[in-house]
Amino acid sequence: MAMLILEHIQERARSITRRIGLADATDPRMLEAARIATDAGIAEICLVGDSAAIQKALRAAKIEAGSMAVVDPAEYCEMDGLATSFNTRLHQPMSQEDAISTIRKNPLLFGALLVSAGDIDGLLGGSLSTTGDIIRAALKGIGLAPGRTVLSSMFLMAFPSIEGFREEFTLGFGDCAVIPDPTPEQLRDIAIASSETYRTLTGNASRTALLSFSTKGSAVTSSTEKMIAATELLKHSGDLGFLFDGELQFDAAFVPSVAAKKAVGSSLEGKANVFIFPNLDAGNIGYKIAERLGMGQAVGPIMQGLAKPMNDLSRGTTVSEIVTMIAVTALQSVTAAQ
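Quick note, the sequence shown lines up with residues 61 to 398 if you use the numbering used here.
Below, the structure is given as structure tokens:
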């Protein structure tokens with residue numbers, strides 16, 4: 061279903077010039093999405109991987125490469141520089157020869173290093189690769205942004221309008237895909253990163269709620285205390301540029317009338333648009349319920365906390381989802397460059 065926020069993201073991507081790499085570039089879905097994104101001017105596309113295999117896949121899909129570039133690690137002429145950069149991130153550096161061999165055998169790592177070097181502005185993969193492969197390549201090839209302690213994720217949840225019931229709206233859910241049981245310190249980072257991601261993609265200020273089954277001490281468990289501790293850490297993190305509160309039940313964070321009863325004095329006033337879950341169980345279950353019962357379209361997982369953008373796709377992804385994630389990666393690259 062077409063929604064204004066998804067059109068808005070793609071339109072904003074068209075207004076900038078970003079070169080986005082696609083790994084898993086033998087996947088016909090990736091190639092069709094690359095063609096659409098190129099024709100629509102969403103990004104300049106670079107197909108990353110074995111050149112012969114990619115050309116064969118293009119022919120099978122009856123897609124002309126046109127302005128799309130193909131970058132093969134076996135043919136890349138600046139490999140020494142990438143190998144040196146790669147070695148700086150290893151606990152036990154290897155020889156230059158071994159580093160080059162490792163990079164050439166791993167197109168995801170190669171693509172991540174291209175992002176780090178500035179040859180491309182962002183990388184997208186995962187249609188054929190596992191999330192673990194994507195995360196390892198991102199951390200080894202790009203690394204965390206200064207001040208960040210963890211790589212996390214956020215889903216942008218776009219809900220369509222329903223006549224007579226609701227207008228279209230967009231929420232952020234984090235972390236629903238990466239960290240199984242985050243600590244208070246990690247939750248603080250997830251909240252900050254998710255708020256920045258939401259603002260980057262929607263253009264709107266975030267109002268961030270740290271969720272629990274408890275509101276303002278109505279229950280006391282290790283889980284509720286963790287969310288309280290994370291909220292306190294946010295309070296001592298300086299001027300973050302967004303409103304936040306916790307620990308809150310979802311209705312106290314999202315429904316003003318409930319907030320007026322359960323969370324008197326909350327800065328969010330029941331108008332939160334970014335939600336931070338206490339663990340991966342809650343986050344993953346929550347976004348899937350919102351997707352299937354609330355008719356929300358889940359965009360992501362959008363990886364955050366990296367110095368430069370690299371994103372993951374579900375292996376069940378669709379062409380339209382890949383096109384949207386190309387635009388998302390392009391917008392993230394603008395923030396990373398600032």
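Note that the Cβ used here is the ideal one computed from N, Cα and C, for glycine as well. All of these numbers come straight from a predicted model, not from anything done at the bench.
When DSSP labels each residue in this structure, what does residue i get in the three-state scheme?
| i | result |
| --- | --- |
| GLY325 | coil |
| ALA78 | Position check: residue 78 holds Arg in this sequence, whereas Ala was assumed. If DSSP states are grouped into helix, strand and coil, ARG78 belongs with coil. |
| GLY277 | coil |
| ASN147 | helix |
| ALA125 | coil |
| GLU256 | helix |
| VAL394 | helix |
| ASP181 | coil |
| VAL388 | helix |
| SER374 | coil |
| ASP235 | coil |
Do residue i and residue j have their CB atoms nearer than 8 Å?
| i | j | result |
| --- | --- | --- |
| GLY182 | SER393 | yes |
| ASP84 | GLY185 | yes |
| VAL280 | ILE239 | no |
| PHE146 | ILE163 | yes |
| MET363 | VAL175 | no |
| ASP372 | THR86 | no |
| LEU107 | MET128 | yes |
| SER327 | ASP305 | yes |
| ALA117 | PRO88 | yes |
| ILE382 | MET90 | yes |
| PRO242 | SER283 | no |
So, under 8 Å CB-CB, residue i and residue j are touching, yes? Tell me the CB distance rounded to an integer number of Å.
| i | j | result |
| --- | --- | --- |
| THR395 | GLU256 | 7 Å |
| SER278 | ILE336 | The pair is not a contact, with the Cβ atoms about 18 Å apart (cut-off 8 Å). |
| PRO244 | ALA290 | 4 Å |
| LEU366 | ALA205 | 6 Å |
Taking only the alpha-carbon atoms, compute the straight-line gap between residue i and residue j and give it to the nearest angstrom.
| i | j | result |
| --- | --- | --- |
| ASP193 | ASN166 | 10 Å |
| LEU173 | ALA237 | 23 Å |
| SER212 | THR377 | 20 Å |
| LEU391 | ILE69 | 8 Å |
| LEU293 | ILE252 | 11 Å |
| VAL315 | ILE80 | 39 Å |
| GLY330 | GLY232 | 15 Å |
| THR262 | ARG248 | 21 Å |
| ALA342 | MET217 | 15 Å |
I'd like to know if residue i contacts chain D, where contact means its C-beta is closer than 8 Å to some C-beta of that chain.
| i | result |
| --- | --- |
| ARG79 | Considering every chain present, this structure includes no chain D. It has just one protein chain. |
Self-check item: the segment 291 to 303 contacting the segment 266 to 274, beta-carbon criterion three pairs below 8 Å
Solution: Yes, since at least three Cβ pairs between the segment 291 to 303 and the segment 266 to 274 fall closer than 8 Å, the two stretches touch.
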